[in-house]
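Below is one structure, written out as structure tokens; the observations come after it.
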Amino acid sequence: MPSDTLEAVSEIRELSYAEAVREALGQAMEADERVFLFGEDVGVYGGAFGVSGDLVHRFGKERVIDTPISELGIAGAAVGAAITGMRPVLEIQFSDFVTLAMEQLVNQAAKIRFMFGGKASVPMVVRLPGGSGTGAAAQHSQSLEAWFAHVPGLKVLQPSTPHDAKGMLLAAIDDPNPVLIFEHKLLYKTKGHVPAEAYRVPIGQAAIRREGSDITIVGSSIMARKAEAAAERLATDGISAEVIDLRSIRPIDFTTIAESVRKTHRLLVVYEGVKTMGIGAEISAMIAESEVFDFLDAPIVRLGGADAPIPYNPVLEKAAVPQEDDIVAAATNLVRRGEA
Amino acid sequence: MSAHQKPNQRPELAALDDATVARALTRMHLIRKFEEAAEASYMRGLIHGTMHLSIGQEASAVGTTLPLEAHDYILSTHRGHGHCIARGAEPKLMFAEFFGKETGYCKGRGGSMHIADVEGGNLGANGIVGGGLPIAVGVGMSIKAQKNGRVCMVFFGDGASNEGAFHEALNMASIWKLPVVFVCENNKYGMSMDIGRAMAVPNVADRASAYGMPGHCLDGNDLAGVAAVAKQAIARARSGEGPSLIECKTYRWRGHSKSDRNLYRSKEEIEEWRNQDPIRRLEDELKAHDRFDAAALMKLEEDAQREIDAAVEFARTCPDPDPKDLTRDVYAL
Ligand SMILES: Cc1ncc(C[n+]2csc(CCOP(=O)(O)OP(=O)(O)O)c2C)c(N)n1
Ligand SMILES: [Mg+2]
Chain A
-6 MPSDTLEAVS EIRELSYAEA VREALGQAME ADERVFLFGE DVGVYGGAFG VSGDLVHRFG
54 KERVIDTPIS ELGIAGAAVG AAITGMRPVL EIQFSDFVTL AMEQLVNQAA KIRFMFGGKA
114 SVPMVVRLPG GSGTGAAAQH SQSLEAWFAH VPGLKVLQPS TPHDAKGMLL AAIDDPNPVL
174 IFEHKLLYKT KGHVPAEAYR VPIGQAAIRR EGSDITIVGS SIMARKAEAA AERLATDGIS
234 AEVIDLRSIR PIDFTTIAES VRKTHRLLVV YEGVKTMGIG AEISAMIAES EVFDFLDAPI
294 VRLGGADAPI PYNPVLEKAA VPQEDDIVAA ATNLVRRGEA
Chain B
2 MSAHQKPNQR PELAALDDAT VARALTRMHL IRKFEEAAEA SYMRGLIHGT MHLSIGQEAS
62 AVGTTLPLEA HDYILSTHRG HGHCIARGAE PKLMFAEFFG KETGYCKGRG GSMHIADVEG
122 GNLGANGIVG GGLPIAVGVG MSIKAQKNGR VCMVFFGDGA SNEGAFHEAL NMASIWKLPV
182 VFVCENNKYG MSMDIGRAMA VPNVADRASA YGMPGHCLDG NDLAGVAAVA KQAIARARSG
242 EGPSLIECKT YRWRGHSKSD RNLYRSKEEI EEWRNQDPIR RLEDELKAHD RFDAAALMKL
302 EEDAQREIDA AVEFARTCPD PDPKDLTRDV YAL
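So the protein lines, in turn, are chains A and B. The numbering of the first sequence is the working numbering, which starts it at -6 and goes up by one. The numbering of the second sequence is the working numbering, which starts it at 2 and goes up by one.
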């Protein structure tokens, strides 16, 4: 093959989301001896969702460590290692099990630096596969990210593309603070362009996925992807939607959202976590408290998870979280409102 | 008891009369066939999600629960179909749950990992490893406060015994002498984690001494042996002497769940344990002592198969839940 063809191939190299995360982990471990990976079944099993894959064979059992089923213990161990010079990356097998690790993440990891007057830092990363859509029912399908976004001292990310999954994980490993990354399980198999080198996607910056003028749709995690698909359909219906992928919910990029709403005058916020007291409430309030409020032509609309645990039955399960059709319908109503 | 039984029967088996043995065998067959049918339904796309099969572990579920009384409680795990059937749940309502139907034990809301039969004393399978252990303490407190003479048996895996919840629960049950029987089904692995890599003592039962309760380490594939020890532990709990920890050493023949590629264990190991089939072992022993002949044993198995086939048929035709009921039962009214 001529070399220019080879280059072209590498430029459009596609990886799945899971592969992108694995590549970031491998590159971080290669570059920095302080980085190590641990969690339940991350070794020879390769991770419950196949994310760690062959890493144990590449880096050995001392750096890719299978732990007993002890979530509180392993979260605390990450804190201890982080404050004494290591860079632990912890996998919580399903994000739901982080409930068992709350103490160490919320009382310890988030607060140690502050409580110690800035004399220590807690550079740890926690990866958490979350979300519904796999028929795993109420204790294996939750979207708990907003809980953690409520805690000063933690950073909370929700990358939605393979590109961001890699770049944000590398940025999180560099970050001197505890960073939680919620990875939607349905995204693991999705593919996208991922550069081969180790690059960083800055924490705290939303991405404009599609420019538009009639309405701003802000989505987090898989909902950003659904919003993009919905925007495509809205376009055929003559509605120009601007889609913002939140990417980071703490810190949150209010500037990008505000600028967009100033232009479109309408805002729809879509997220999978329970709607009540969720991400959308914060974004709506930020708009309502700012001068952008004056630019709104219609009330803000939120689409979020139902006020119910995730049901097992597949029809109910789908009905419990926003779907593409719901986004199209909500956006259409918002834009057509007042036209009738 | 059968007239022609041979005298050299071990006491654990002799203690079980023919009707009890037949009941135990039937339940073991039902569990095995339920799970085989669940697996087949999954392959045919009738079941959504994943499932955790206990094929190979039937003697533990059936043996421990055999001496329980009708009003006693159990708490189960993610690998809970066996416990549920062992307590007399109806396979057709379990299948309906599996298929997500409104007629299922949990109206299609819970699925495999959350099957509960509250009226039958099964306070639920659990998606959280170790989740049932502290709940058992509260059930024990309730039994004690209500002076109703019941017992609570709580199941968990070897892996669960590394959760803080295990240690907190055993301690509380012991200091308050609660009527709880802790049953660890040690199938050698917590997902891919070999017990030898996950804990520093060889047996989960060794941990009982730290909480001042008896710990029994058993061949979990020996129905009669398991039942004999469970009987003692249940009697101890009921009489107010406090909890016990029973460890049934057993093995799951299938992968952890549907996504397991068995990279952490050998084919030989699986084969070795398949030769310790708890159902075949009991049948062989019964035949050797002339307690049941081959035809009688075959009939028990066939009857179980028929019940499971009918259960699948029933469940398939049941109605789905209505999406407008999405938030029903989030709160009690
Ligand atoms: C708190 C929690 N951590 C992890 C899991 C994921 N998980 C489900 S079952 C399992 C293994 C449990 O092992 P064990 O207790 O030995 O039971 P077994 O599966 O062998 O029956 C794991 C890690 C979970 N469901 N809950
Ligand atoms: Mg186990």
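Backbone N, C-alpha and C define an ideal beta-carbon position, used for all residues, glycine too.
Whose C-alpha, out of the options, is nearest the C-alpha of residue i?
i, options, result
"Met108(A)", "Pro145(A), His133(A), Val57(A), Gly126(A)", "Pro145(A)"
"Thr51(B)", "Arg307(B), Gly141(B), Asp291(B), Ser113(B)", "Ser113(B)"
"Met173(B)", "Val140(B), Gly197(B), Gln58(B), Lys189(B)", "Val140(B)"
"Asn170(A)", "Ala274(A), Ile293(A), Gly271(A), Ala71(A)", "Ala71(A)"
"Asp220(B)", "Ala62(B), Ala16(B), Ile32(B), Leu47(B)", "Ala62(B)"
"His72(B)", "Asn187(B), Met44(B), Asp118(B), Val138(B)", "Asp118(B)"
"Ala103(A)", "Leu179(A), His156(A), His143(A)", "His143(A)"
"Leu8(A)", "Ala224(A), Asn100(A), Asp318(A), Thr183(A)", "Thr183(A)"
"Gly81(B)", "Gly165(B), Val138(B), Met95(B), Pro68(B)", "Met95(B)"
"Pro175(A)", "Phe52(A), Thr209(A), Tyr10(A)", "One detail in the question is off: residue 175(A) reads as Phe in this sequence, not Pro. For the residues Phe52(A), Thr209(A), Tyr10(A), the minimum Cα distance to Phe175(A) belongs to Tyr10(A)."
"Arg243(A)", "Glu275(A), Val328(A), Ser136(A), Phe87(A)", "Glu275(A)"
"Ala234(A)", "Asp168(A), Leu327(A), Phe87(A)", "Leu327(A)"
"Met79(A)", "Leu98(A), Arg56(A), Phe90(A), Thr60(A)", "Arg56(A)"
"Glu242(B)", "Lys325(B), Ala234(B), Asp159(B)", "Ala234(B)"
"Gly73(A)", "Ile105(A), Ala13(A), Lys54(A)", "Ile105(A)"
"Ala313(A)", "Glu190(A), Ser125(A), Pro188(A)", "Ser125(A)"
"Ser134(A)", "Ala301(A), Glu332(A), Thr325(A), Arg330(A)", "Ala301(A)"
"Ile208(A)", "Ile166(A), Ala224(A), Ser214(A), Lys219(A)", "Ala224(A)"
"Pro324(B)", "Glu70(B), Tyr43(B), Asn263(B), Lys108(B)", "Lys108(B)"
"Glu40(B)", "His168(B), Ser260(B), Asp278(B), Gln277(B)", "Ser260(B)"
Rounded to the nearest angstrom, what separates residue i and residue j at their Cα positions?
i, j, result
"Phe380(A)", "Ser277(A)", "Residue numbering for chain A in the displayed model covers -6 to 333; residue 380(A) lies beyond these limits and cannot be assessed."
"Asp285(B)", "Val205(B)", "29 Å"
"Pro203(B)", "Trp140(A)", "39 Å"
"Val130(B)", "Val182(B)", "18 Å"
"Ala316(B)", "Leu334(B)", "29 Å"
"Ala337(B)", "Glu303(B)", "Because chain B in this structure spans residues 2 to 334, residue 337(B) falls outside the shown range and cannot be described."
"Phe247(A)", "Glu138(A)", "18 Å"
"Val184(B)", "Gly132(B)", "14 Å"
"Ser3(B)", "Met299(B)", "At Ser3(B) the pLDDT is 49, less than 50, meaning the model places this residue with poor confidence; the figure from the coordinates comes in the next sentence. Answer to the nearest angstrom: the Cα atoms are 18 Å apart."
"Arg255(B)", "Ser55(B)", "8 Å"
"Ala161(B)", "Gly191(B)", "8 Å"
"Met270(A)", "Glu96(A)", "21 Å"
"Leu301(B)", "Leu14(B)", "18 Å"
"Lys256(A)", "Ile250(A)", "10 Å"
"Leu264(B)", "Gly226(B)", "32 Å"
"Asp290(A)", "Glu332(A)", "12 Å"
"Leu30(A)", "Ala24(A)", "14 Å"
Looking at residue j and residue i, is the spacing between their C-beta atoms short of 8 Å?
i, j, result
"Val236(A)", "Gly197(A)", "no"
"Arg193(A)", "Ala158(A)", "no"
"Ile320(A)", "Val263(A)", "yes"
"Val115(A)", "Leu173(A)", "no"
"Val155(B)", "Leu76(B)", "yes"
"Leu261(A)", "Ala323(A)", "yes"
"Pro244(B)", "Met214(B)", "yes"
"Arg307(B)", "Asp223(B)", "no"
"Ile247(B)", "His217(B)", "yes"
"Met194(B)", "Asp47(A)", "no"
"Leu327(B)", "Ala130(A)", "no"
"Ala297(B)", "Leu17(B)", "no"
Considering only residues of the same chain and omitting the five flanking positions on each side of residue i, which have a CB-CB separation below 6 Å?
i, result
"Ser241(A)", "Leu150, Ile196, Gly197"
"Leu93(A)", "Glu64, Leu65"
"Trp274(B)", "Tyr252"
"Phe90(A)", "Glu64"
"Arg27(A)", "Met79, Arg80"
Kindly list the residues whose CB is nearer than 8 Å to the CB of residue i, restricted to its own chain and excluding five residues on each side of it in sequence; keep chain order.
i, result
"Asp310(B)", "Ala38"
"Trp319(B)", "Note that residue 319(B) is Cys in the sequence shown, not Trp. Here the set comprises Ala97, Phe100, Lys102, Glu103, Thr104, Gly105."
"Thr66(B)", "Ile75, His84, Ala87, Arg88, Met154, Ala231"
"Gly128(A)", "Tyr305, Pro307, Glu310"
Enumerate in chain order the residues of its own chain whose CB-to-CB distance from residue i is below 7 Å, with the five nearest sequence positions on each side excluded.
i, result
"Gly150(B)", "Arg239"
"Gly43(A)", "Ala11"
"Phe293(B)", "Leu287"
"Ala222(A)", "Glu317"
Worksheet item: Which ranges would you report for the alpha helix (DSSP H) in the region 174 to 232 of chain B if only whole runs of at least 4 residues count?
Response: Inside the region 174 to 232 of chain B, DSSP marks whole alpha helix (DSSP H) runs of 4 or more residues at positions 196 to 199, from first to last along the chain.
Fill in: Whole runs of the beta strand (DSSP E) within the region 91 to 141 of chain A, excluding any shorter than 3 residues
Whole beta strand (DSSP E) segments, 3+ residues: 118 to 123.
Discussion item. Which residues of the region 262 to 291 of chain B have a Cβ closer than 7 Å to any Cβ of chain E? Give them in chain order.
Written reply: As a matter of chain content, chain E is missing from the structure shown, whose protein chains are A and B.
Item to complete: Would you list, in sequence order, the uninterrupted beta strand (DSSP E) runs of no fewer than 3 residues that lie entirely inside the region 68 to 94 of chain A?
Response: Taking only runs of at least 3 residues, the beta strand (DSSP E) segments lying wholly in the region 68 to 94 of chain A are 80 to 84.
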